[in-house]
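Positions in the sequence shown are counted from 1; adding 9 to them yields the numbering used here.
Glycine included, each C-beta is placed from N, C-alpha and C at the ideal position.
So the structure is just underneath, and the comments pick up after that.
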Amino acid sequence: MLELSIIILLAGGVSLLFFMLYEARRNTVKVDKVKLPGFPEHMDPVSLFFISDIHKREISEEIIEQVKGRADLVIIGGDLLEKGVPFSRVERNLDKLLTLGPVYFVWGNNDYEVNTSRLKQIFKKKGIIEIVNSSIKVPIRNGVLNMIGVDDASTQRADYPSAHKQAHPDEFTLLVSHDPRLVNQVRKEDGIDLMVSGHTHGGQIRLFGWGLYKKGRLEMLPQTTLLVSNGYGTTAIPLRLGAPAETHLLVIDKG
10 MLELSIIILL AGGVSLLFFM LYEARRNTVK VDKVKLPGFP EHMDPVSLFF ISDIHKREIS
70 EEIIEQVKGR ADLVIIGGDL LEKGVPFSRV ERNLDKLLTL GPVYFVWGNN DYEVNTSRLK
130 QIFKKKGIIE IVNSSIKVPI RNGVLNMIGV DDASTQRADY PSAHKQAHPD EFTLLVSHDP
190 RLVNQVRKED GIDLMVSGHT HGGQIRLFGW GLYKKGRLEM LPQTTLLVSN GYGTTAIPLR
250 LGAPAETHLL VIDKG
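Right, here's the structure in full:
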């Protein structure tokens, strides 16, 4: 009887391990239709592909095929890589994303673990657009998207006030920040229509629904609408539980 119990426990443990590996390696594109009151009535709906926290993963062709022809632009929400990831893999990932549309990037904490000069050279060569504590106007469809990019908050590089000061409050405004805690600096009068973030991995491993961070979500807050992604990769260990890997296709329209 004891031997049978041990076998059952071992089988359960192995099954759980394989499931956690599966959760970490999923290639999910979550399609969210986001209706926002601040979206201009004259503009056609805009589609953004958002991917964050790639870390060590190589982006699957399955992801690319799901998104191809459906996105107006691509946003990388930080942690494109981490220490030990070969730059050749980073270049392959960027090449794949560039097949979907123009690519915009904000820095995450793990991006600073590598030779940032080399990474910036790659961005320049590939035409990746960094947004660092600044705001840019992005012509899109039949209108303009005002995109604010804020540097990583967890490494004390964020300067939201300076970035917001450059923005055009009369236009639809998207805020991109690796760390979602930056939302605490946003005020309703700032005119941020949508904010997208990653960093938390949704807790990565959640036991009985509990994790170190909230699970990824799209929520309406008093000051803005916030998307926090579980992210595509993992950190520390290549496992997930209750917070599966995900990417996002956001279809934004007037609401």
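Exercise. Kindly indicate which three-state DSSP category residue 256 falls into: helix, strand or coil?
Key: strand
Quiz item: Which residues bound the alpha helix (DSSP H) around residue 126?
Solution: In the DSSP annotation of this structure, the continuous segment of the alpha helix (DSSP H) that includes residue 126 starts and ends at 125–135.
Self-check item: Cutoff 6 angstroms; reference residue 83; Cβ partners in own chain excluding five residues on either side
Solution: 58, 106, 109, 110, 112
Quiz prompt | Nearest-angstrom beta carbon gap, residue 118 and residue 164 [assumed within contact, 8 angstroms] | solution = 5 angstroms
Quiz item: Closest to residue 241 by CA distance: which of 201, 27, 50, 39 is it?
Solution: 39
Quiz prompt | Exposed unless 16 or more other CB atoms sit within 10 angstroms - verdict on residue 229 | solution = exposed
Quiz item: Does the segment 214–221 come close enough to the segment 187–195 to have 3 or more Cβ pairs within less than 8 angstroms?
Solution: no
Quiz item: Any idea which residues DSSP pairs residue 114 with across the strands?
Solution: 85, 139
Quiz item: What first and last residue would you give for the alpha helix (DSSP H) that runs through residue 174?
Solution: 169–174
Practice problem: Please determine, among 94, 137, 114, the residue with the shortest C-alpha to C-alpha distance to residue 244. | Solution: Nearest of 94, 137, 114 to residue 244, Cα basis: 94.
Quiz item: Applying the criterion that 16 or more other CB atoms from any shown protein chain within 10 Å of the CB defines a buried residue, is residue 246 buried or exposed?
Solution: exposed
Practice problem: Could you please give me the residues that DSSP links to residue 158 through a beta bridge? | Solution: 143, 185
Practice problem: Look at residue 205 and residue 236 and say whether their C-beta atoms are less than 7 angstroms apart. | Solution: yes
Exercise. Spell out whether any CB of chain C is found under 7 angstroms from the CB atom of residue 25.
Key: Considering every chain present, this structure includes no chain C. It has just one protein chain.
Practice problem: Apply the 10 Å Cβ neighbour rule to residue 169 and answer buried if 16 or more other Cβ atoms are within range, or exposed otherwise. | Solution: buried
Quiz item: Is residue 217 helix, strand or coil when you go by DSSP?
Solution: coil
Self-check item: Closest Cα partner of residue 210 within the set 201, 86, 222
Solution: 222
Quiz item: Under a Cβ-count criterion, where at least 16 other Cβ atoms within 10 Å of its own Cβ denotes burial, should residue 256 be classed as buried or exposed?
Solution: buried
Quiz item: Using the rule of at least 16 other Cβ atoms within 10 Å of the residue's Cβ for burial, across every protein chain shown, is residue 30 buried or exposed?
Solution: Counting the other Cβ atoms within 10 Å of the Cβ of residue 30 gives fewer than 16, which makes it exposed.
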